Amino acid sequence: MAAQTPTPVATFSIVAADLAAVDVGVAVASKFLAAGAVVPWASAGAGAVATQAFANARYGPEGLAMMRAGASATATMQRLIADDPDRDRRQFGLVDARGEAGAHTGKDCFAWAGHVVGEHFACQGNILTGEETVAAMAASFRSSTGALAERLLAALNAGEAAGGDRRGRQSAALYVAREQGGYLGFNDVLIDLRVDDHADPVMELRRILDLQNLYFGSSPPADKLALDGALLIELKRMMIGAGSYSGEPVSVWDDATRRALDAFISAENLEERVDLAARTIDEPALRYLRTRFV
C-alpha cells in the first residue's frame with residue numbers, strides 16, 4: 474500500500490498565560506476534523522503548546538515536559554525544531570508558566586502562514602485568508618480582560634471575523650489548565666471543551682463554554698441568594714413539580730428539605746452552584762432552574 478500524504482492541520486490558534494490566575498491555555502479553530510484532538514496541549518506549572526500545519530503531536534507532551542523542567546518557551550521551541558527534520562513544514566506556538574511566549578512557522582507551511590508573539594501569548598495560523606486573522610486575534614487578546622478562557626475565545630472570534638481558515642470551518646477547541654482547577658479539585662483541567670464537526674464551531678464552542686460556566690462557575694459571595702422565604706417556597710414548588718419533594722411548599726428548612734434539595738440539585742448537575750451548609754444558591758443556577766421548571 475502506498476504511503477498516504479499527511480493532511481495539514483490548517484488552523485488558527487492562540488496560546489496564552491494568565492499570571493495572576495496562574496492559568497495556561499490554548500484555543501483553536503480549523504477546517505479539520507477534531508482539531509482539538511491534535512493541536513492543544515496545556516499543563517499547570519508548565520505551559521501550553523499549539524502544534525499544527527503538518528503537526529508533530531510530540532511537540533505537545535515533549536514541549537510541556539521541557540518547560541516543566543525549567544526550560545523557557547524560546548529554549549523549548551529551539552530544541553523541538555532542532556531535532557525535527559520536517560521543521561520547515563511545522564507550525565506551533567507555546568507559552569511557559571512564567572509567561573514567555575514563542576512561535577515557529579516553517580517556510581514550507583501553506584500560505585498564508587505566520588504568527589504574532591506578544592506579552593504572555595502567541596497567535597499562529599496557516600492556510601488562512603491572510604495575516605489579518607492572526608493580527609485580529611492578537612489585538613483582541615491585548616485589549617481584553619477577564620478570565621483566560623473568555624479572552625482566548627474572544628481571540629478566536631476575532632480571527633474568524635477577520636477571515637480565518639480560507640478553506641472554511643469544521644472544528645474548534647478550548648483547553649485551560651490550573652493547579653487543582655478541575656472537577657472538585659482532583660486534577661488540573663479547568664476547561665477542556667471540543668467541537669469536533671460543526672457548521673459554526675466557534676459559535677458552538679461559545680454555547681458550551683456558557684454551559685461550563687453555568688455548571689462549574691461560582692458567584693461572588695455578595696451575589697449568592699439565601700435559601701429562605703419566598704425563594705425556598707419557589708424551589709419547593711419546583712421540586713414538587715419534578716417529583717422530588719412530597720411536602721408542603723412552605724418556608725421551612727428541615728432535614729427533609731435539605732435531602733430533597735440535595736437530590737434535586739444533583740440531578741441538575743448544579744452541585745457547585747448550591748451550598749447546602751450555608752443555605753445559598755447562585756443566581757445563574759436559579760435562573761436556569763426557572764427556565765426548566767417554572
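Per the numbering used here, the very first residue in the sequence shown carries number 474; after that it's consecutive.
Where is the CB? At the ideal position from N, CA and C, for every residue including glycine.
If you're wondering where the values come from, they're calculated on a predicted model, not measured in any experiment.
DSSP state of R763 mapped onto helix, strand, coil: helix
Selection from R680, Q525, Q551, A521 that minimises the alpha carbon distance to P534: A521
Just to check my reading of the structure: Y688 and L743 have Cβ atoms closer than 8 Å, yes? What is that Cβ distance to the nearest angstrom? 7 Å
The beta strand (DSSP E) with L700 in it runs from where to where? Premise fails: L700 is in no beta strand (DSSP E) and is neither H nor E.
Taking 7 Å as the cut-off, is the CB of A494 close to at least one heavy atom of the ligand NAP? The ligand NAP is absent from the structure shown, which contains no ligand whatsoever.
Note down the Cα distance separating A584 from N599, rounded to an integer number of angstroms. 6 Å
Measuring alpha carbon to alpha carbon, tell me which of L621, A586, A620, G619 ends up nearest A608. A586
A715 versus A736, T484, G566, residue with shortest Cα-Cα distance: A736
Could you say which of D557, W726, Y532, G566 lies nearest to G498 if we only look at CA atoms? G566
V675 - containing alpha helix (DSSP H), residue span: 674–689
Three-state secondary structure (DSSP) of Y718: coil
Using DSSP bridges, identify the partner residues of W514. V522
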